[in-house]
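S.K.: Residue numbers 13 to 201, in the working numbering, belong to the letters of the sequence shown in order. A virtual CB, placed ideally from N, CA and C, is assigned to each residue, including glycine. All of these numbers come straight from a predicted model, not from anything done at the bench.
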Amino acid sequence: MEVLDEPLYANFLRVTGLDRPNREDLLSKMEQDLDGNKVVKEVIFGPGEKTYRYCKHISKQRLTNLSSDLMKKGKHFILIRNPLNILPSLDKVISPSFLELGIGELVSIYSELCELGKAPPVIDADDLQQEPEAVLRGLCEDLGIPFQQQMLKWEAGPKEFDGICPPWWYRSVHKSTGFSKSCQYPLVS
């Protein structure tokens, strides 16, 4: 399986002008990826040697300047997280905001896929952490790809597919070797 980590990140930075730690360094290293439509055509849906290509996107990077092929082609699923679990880690790197959470964009993506007749499976990160094998088996079945045991465990440390993002975004992931139970916040009535 080929893995692409946020292939549209450079386009997102270029179009929005948002400030990020190491922004200019990232843009110079990702110069070939500044044109989002070129990335969609040549990288995301371009030729490859592997049977499967997994592209991890962040919902806020789905900008209006991108080709509709991004949604029309391929198979999609949506991973959701409780915002209470996102805010503390996001706040360590950038100031949290509605835009940074990407929740509005996520709803738009889901709606667009449904309108295209491609309603995506929606996976709750808490469910994935509590029952990783069951959730991944179900997701693989929905997507028509084979489940593999190695999806449940991995070696600690950086991966070649981590992409260009600075290491602080991946600090806890690089320490992990599998799925861990998430924090559970009590419901307030």
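DSSP state of residue 105, grouped into three classes?
M.R.: coil
S.K.: Residue 66: buried (16+ other C-beta within 10 angstroms of its C-beta) or exposed?
M.R.: A residue is called buried when at least 16 other Cβ atoms come within 10 angstroms of its Cβ; residue 66 does not meet this threshold and is exposed.
S.K.: Looking only at C-alpha atoms, which of 43, 115, 14 sits nearest to residue 22?
M.R.: 43
S.K.: Just to confirm my understanding: we take residue 94, look at its own chain, exclude 5 residues before and 5 after, and list those with CB closer than 6 Å. What are they?
M.R.: none
S.K.: Report whether the distance from the Cβ of residue 173 to the nearest heavy atom of the ligand MG is below 7 Å.
M.R.: The model depicted lacks the ligand MG and carries no ligand whatsoever.
S.K.: Let me know the secondary structure DSSP gives residue 122 once reduced to three states.
M.R.: helix
S.K.: Could you check if residue 74 is buried or exposed, using at least 16 other CB atoms within 10 Å of its CB as the buried criterion?
M.R.: buried
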